[in-house]
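Position 410 (the sequence shown) corresponds to 410 in UniProt numbering; numbering is contiguous.
Think of the CB as a built atom: it goes at the ideal place given N, C-alpha and C, for glycine as much as any other residue.
Predicted, not measured: the structure shown is a model, and the values here were computed from it.
Report on the following structure.
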Amino acid sequence: MALTKLKSRLYNYPTKKKKSIQQKIALGLGLSLYSLFNTVLDSCKNLYTLYVGTTLLSLLYFPHNLCSTLLSDFGCYSTLTHSLSLSSLRCWVSFRFSGAFFSLIEESMAVLILLFLLAASGVAADEDAFIGVNIGTDLSDMPHPTQVVALLKAQQIRHIRLYDADRAMLLALANTGIQVMISVPNEQLLGIGQSNSTAANWVSHNVVAHYPVTNITAISVGSEVLTTIPNAATILVNALKFIHSALVASNLDRQIKISTPLSSSIILDSFPPSQAFFNRSWNPVLVPMLNFLQSTGSFLMLNIYPYYDYMQSNGVIPLDYALFKPLPSNKEAVDANTLLHYSNVFDAMVDAAYFAMAFLNFTNIPVIVTESGWPSKGDAHEPDATLENANTYNSNLIRHVLNKTGTPKHPGIAVSTYIYELYNEDTKTGPVSEKNWGLFDANGSPIYILHLTGSGLVLANDTTNQTYCAVKNGADPKMVQAALDWACGAGKVDCTPLSQGQACYEPDNVLAHATYAFDSYYHQMGKAPGTCDFKGVAAITTTDPSHGTCIFPGSVGKNGSLVNITAPSMNSTSSESSSHSIHGTGLKSIFMTITFLIWCGVFL
């Protein structure tokens, strides 16, 4: 029985890693729910009508791998974890049954328990750590929003941060699936922080008008307010609360997180990290702000620039330490209080932020880095702003995040990071370096080719000597279809662009769709030998198969891929469902899902 299976999963959840308090609570909740529903079922077998009412409150962390396993066991699609990511769920059930339906009801109850647990998964379990990019607009020849989106698609960039909420950009991002952080610019902060109605109007025009077609997932309220416009600091927390209230009114507060990016300079005595603390003069703002982040399940946004730390250290910080270059153990910085070894500025600053929050008694707020990078060009006083150093830093940063290295304080827990930035901004004022933080120029050509060979993930932005993977002429359509199914299933290719209404749906035939899937897999695997074969139905070509708005991975001019998926071998025996059309796991699973949706009357 499904309930018995669920109980077994809960009892046998891997214990190799020490569980957090939140995990223990969630695990206990799962077992309690199992006992509750099993008792209810036993006592109601001879009843004709079953009424169940329950409420789950609080945002809990629940391990994503267990949720995924259980979803697989119950035949549910993993998309449920996104569409039903709730922290509070109320469900009033009224369902008439006879003995013939009892087994089905029991399995449906198991699904209900599971979805309660998924509701408790919170921010930390939504997805793995990611690399995103910031998109500034201080260019003399700013690309059109559709061109920007084409570059993002071609590079497989799935997370971006905007410095405003530009309508044209948000419209261009519609139906792409790209996760978007929009921003309240500093110049709008005063009005929003002083007026609840102004905040509600901002949310209505910039969020509600676009969501969910445009996948807005976060709002950054201001940027480095405490250090750039300190006079506005007193209304910063009000601005956060007013924006949050507007999201609550629109029932979007669980889907969209709110925070404000802070400069790392507000962390004093940052080394050793264990002694770090925030500038105490800002505690009247920081304490209520951290309370807000904790109560809403949000994260601390931090801008970290090892380049500036290095430049301002007067030689104390070695260049290699700033650039993530490997250091011998005797060259690593050691925190004398914790004996933790630090091999780079980035990790030390992230851990300093955790210790600084702990100093104020906040220990469960995750950190996300909203800006980090290195300039590729500088003036005479900036000798280390070079192409090679920029390449080294960003390549090592990308690898560090996606390999889930974590920090010495939190090993294995990577910190999602937005690279500063997508384009060089040539109209910015200040030193030469201010204009040269971008990965690309306005034409979409890379400033430098990232050094990521051997990282196990494809994040190259090379636009030269491109090759693609396409269906062979004369290939057996049945074999092509089978290979397509594999690529979109066990091969873990994102075949969403092949869905009806998406950019690569037309022409709607197996050969065209297979070419897109084959090429995606080929680039996803770093164009490694043997990854463009598909049992003989595919071959490498130098002809770019992109057409219209359908931009293939590796497309000439705006190409490469920022993919963070490790795909299995073509010979994998994975039993995952495959398709660019949806395959179910049977009528029973569908019926259980429909039954649950009928039961659920209110989602908070």
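Pairwise C-alpha distance: residue j and residue i
i: Arg399; j: Val148; result: 24 Å
i: Leu71; j: Cys488; result: Caution applies to Leu71, whose pLDDT of 40 falls short of 50 and renders its modelled position unreliable; the model cannot decide the point.
i: Ile304; j: Ala348; result: 10 Å
i: Thr176; j: Ile182; result: 16 Å
i: Leu59; j: Asp141; result: Summary for Leu59: the model assigns pLDDT 38, below 50, so the residue's position carries little reliability, and this model does not support an answer.
i: Ala232; j: Asn238; result: 11 Å
i: Thr541; j: Thr137; result: 36 Å
i: Ala352; j: Ile317; result: 16 Å
i: Tyr354; j: Gly536; result: 52 Å
i: Lys377; j: Asp384; result: 8 Å
i: Thr227; j: Ile266; result: 8 Å
i: Glu382; j: Asn394; result: 18 Å
i: Tyr521; j: Gly491; result: 7 Å
i: Thr146; j: Ala168; result: 9 Å
i: Gly222; j: Cys550; result: 35 Å
i: Met525; j: Ile235; result: 48 Å
i: Asp379; j: Thr427; result: 16 Å
i: Val334; j: Asp164; result: 40 Å
i: Asn201; j: Pro529; result: 54 Å
i: Leu173; j: Ser270; result: 38 Å
i: Ala482; j: Gly406; result: 39 Å
i: Leu80; j: Gln502; result: With a pLDDT of 36 at Leu80, under the threshold of 50, the modelled position of this residue cannot be trusted; read the value that follows with caution. The straight-line gap from Cα to Cα measures roughly 21 Å.
i: Cys532; j: Phe552; result: 15 Å
Interface flag, residue i vs chain C, CB-CB below 8 Å
i: Ala218; result: In the structure shown, chain C does not exist; there is a single protein chain.
Where residue i falls: helix, strand or coil (DSSP)
i: Pro288; result: helix
i: His547; result: strand
i: Arg158; result: coil
i: Ile192; result: helix
i: Ile267; result: strand
i: Leu171; result: helix
i: Glu388; result: helix
i: Gln481; result: helix
i: residue 605; result: This structure cannot settle anything about residue 605, because the visible part of the chain is limited to 1 through 604.
i: Thr54; result: Any reading at Thr54 must be qualified, since the residue scores a pLDDT of 38, below 50, and its modelled position is unreliable; the value itself is stated next. In this structure, Thr54 counts as strand in the three-state DSSP scheme.
i: Leu226; result: helix
i: Thr370; result: strand
i: Leu339; result: coil
i: Pro318; result: coil
i: Cys469; result: strand
i: Thr541; result: strand
i: Ile304; result: coil
i: Ser250; result: coil
Buried or exposed by the 16-neighbour rule on C-beta atoms within 10 Å, applied to residue i
i: Asp128; result: exposed
i: Pro408; result: buried
i: Leu268; result: exposed
i: His547; result: exposed
i: Ser197; result: exposed
i: Tyr51; result: Note on Tyr51: pLDDT 39, under 50, position unreliable in the model; the coordinate value appears next. Burial call: exposed.
i: Pro375; result: buried
i: residue 664; result: There is simply no residue 664 to check, as the chain begins at 1 and stops at 604 in what is shown.
i: Gln500; result: exposed
i: Thr260; result: buried
i: Asn206; result: buried
i: Lys404; result: exposed
i: Pro477; result: exposed
i: Asn337; result: exposed
i: Gly315; result: exposed
i: Thr543; result: exposed
i: Pro545; result: buried
i: Asn283; result: exposed
i: Ile241; result: Before going on, a small fix: residue 241 reads as Lys here, not Ile. Under this definition Lys241 is a buried residue.
i: His144; result: exposed
i: Ala199; result: buried
i: Ala125; result: Because the pLDDT of Ala125 is 35, which lies under 50, any placement of that residue in the model is unreliable, and the number read from its coordinates should be weighed accordingly. Classification for Ala125: buried.
Contact belief for residue i with residue j at Cβ below 8 Å, rounded distance in angstroms
i: Leu302; j: Ser264; result: 6 Å
i: Arg161; j: Tyr418; result: 5 Å
i: Val180; j: Asn215; result: 6 Å
i: Val480; j: Leu511; result: 7 Å
i: Ala356; j: Phe277; result: 5 Å
Exercise for review: Count the C-beta pairs between the stretch 180-199 and the stretch 337-348 that are closer than 8 Å, then say yes if the count reaches three, no if not.
Suggested key: no
Practice item. Taking 8 Å as the threshold, find out whether the stretch 361-373 comes into contact with the stretch 288-295 through three or more Cβ pairs. Key: yes
Review point. At a cut of 8 Å, does the stretch 401-415 reach the stretch 428-441 through at least three beta carbon pairs?
Key: no
Exercise for review: Answer yes if the stretch 241-260 comes into contact with the stretch 204-216, meaning at least three C-beta pairs across the two stretches below 8 Å, and no otherwise.
Suggested key: yes
Check your understanding: When the Cβ atoms of the stretch 386-396 are set against those of the stretch 309-316, are three or more pairs found closer than 8 Å?
Key -> no
Check your understanding: Are three or more beta carbon pairs between the stretch 508-521 and the stretch 436-446 nearer than 8 Å?
Key -> no
Practice item. Spell out a yes or no on whether the stretch 275-293 and the stretch 367-377 are touching, meaning 3 or more CB-CB pairs, one atom from each, closer than 8 Å. Key: no
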